[in-house]
Amino acid sequence: MTYIIAEPCINTKDTACVEVCPVDCIHPTREEPNFDEEELLYIDPDECIDCGACEPVCPPNAIFPEDELPEEWEDFIERNAAYYQ
Ligand code: SF4
Ligand code: SF4
């Protein structure tokens, strides 16, 4: 399992999740050169340890455990994973 960042992150991108992730698996961070290019942040499904720390700190509630992701945002599973391929 992994956590997924979905549509509400778009236009928010405040990086609150990056600050709390204990394994630094959310990118791009503000320090990375492509931060402005990406419309949202992504969770690396191979590195996420399912700790849940990011979910409650996200202002627009954009982060979900994969099995609780609303159906209309299911394509974000692939979008998160694709960023790391
Ligand atoms: S669930 Fe934990 S490990 Fe996974 S992205 Fe969120 S803070 Fe990072
Ligand atoms: S906390 Fe939520 S809105 Fe902010 S960058 Fe992370 S996923 Fe996006």
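Counting from 1224, one number per residue, gives the positions in the sequence shown under the working numbering.
Glycine residues also receive a C-beta, built at the ideal position from the N, C-alpha and C atoms.
All figures in this text were calculated on a predicted structure; none of them were measured in a lab.
- Using a Cβ-Cβ distance cut-off of 8 Å, the segment 1224 to 1236 and the segment 1280 to 1289 are in contact, since at least three pairs of beta carbons, one from each stretch, lie closer than that value.
- Taking the Cα of ILE1233 as reference, the smallest distance to any Cα among ASP1259, ALA1276 and CYS1244 is reached at ASP1259.
- Judged by beta-carbon spacing, CYS1277 lies within the 8 Å limit of CYS1240, meaning their Cβ atoms are closer than that value.
- Under the criterion of beta carbons closer than 8 Å, PRO1268 and GLU1261 do not qualify as touching, at roughly 17 Å.
- The beta carbon of ILE1300 sits closer than 6 Å to the beta carbons of ILE1227 from its chain, once the five residues preceding and following it are set aside; these are given in chain order.
- In this chain, the beta strand (DSSP E) harbouring TYR1226 covers 1226 to 1228.
- A check of alpha carbon separations from PRO1245 across LYS1236, LEU1263, PRO1256 and GLU1270 identifies GLU1270 as the nearest.
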